[in-house]
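Residue numbers (our numbering): 4 to 123.
For each residue, glycine too, the CB sits at the ideal point set by N, CA and C.
All figures in this text were calculated on a predicted structure; none of them were measured in a lab.
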Amino acid sequence: MKIPGFILKRLYVKSSLRRVPGGFQFQLRNSLGSGYAKRVLPLKIDAFTVLPSKTSFEVDGKSTNFEDVDESTPFTLGMNKTTTIRCEYNDLSSGLHTIEMSFEVAGLGILSFNFSDFIE
């Protein structure tokens, strides 16, 4: 079973894209059903690839680097929980940006979605 990108796009919390010291962050909120990924692929912003070593996710105050995600340390999207994604990337200008995110889920393969949002 493949989950369409337009459904996964609903994970993104609208208007959560913002600059933070050293980069940017955005939030995902899962109302679709709990999920776990055994691998997170490099995130892309405006077609620029951000290395997994420069990207992390935080749930309930615990931060995990994308490059550390595996079957024993999965990327988690708990039901009705907010996950914050942080990227070390200093070139985020004001305006519209498109972000693409992909991850590998056991039994489903690689799932991808993208979203666009403005940053002031």
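{"Asked": "Return yes when the Cβ of residue 120 is within less than 8 angstroms of the Cβ of residue 18, no when it is not.", "Found": "yes"}
{"Asked": "Do residue 8 and residue 37 come within 8 angstroms of each other at the CB atom, strictly closer than that value?", "Found": "no"}
{"Asked": "Output the distance between the C-alpha atoms of residue 43 and residue 106, rounded to the nearest integer angstrom.", "Found": "4 angstroms"}
{"Asked": "For residue 12, which of helix, strand or coil comes out of DSSP?", "Found": "helix"}
{"Asked": "Does the Cβ-Cβ distance between residue 10 and residue 48 come in under 8 angstroms?", "Found": "no"}
{"Asked": "Please name the residue in 39, 92 and 57 whose C-alpha comes closest to that of residue 111.", "Found": "39"}
{"Asked": "I think residue 16 touches residue 30, with their Cβ atoms under 8 angstroms apart; what is that distance to the nearest whole Å?", "Found": "4 angstroms"}
{"Asked": "Just to confirm before moving on: does the CB-CB distance between residue 58 and residue 51 stay below 8 angstroms?", "Found": "no"}
{"Asked": "Could you give the distance in angstroms between the alpha-carbon of residue 73 and the alpha-carbon of residue 41?", "Found": "5 angstroms"}
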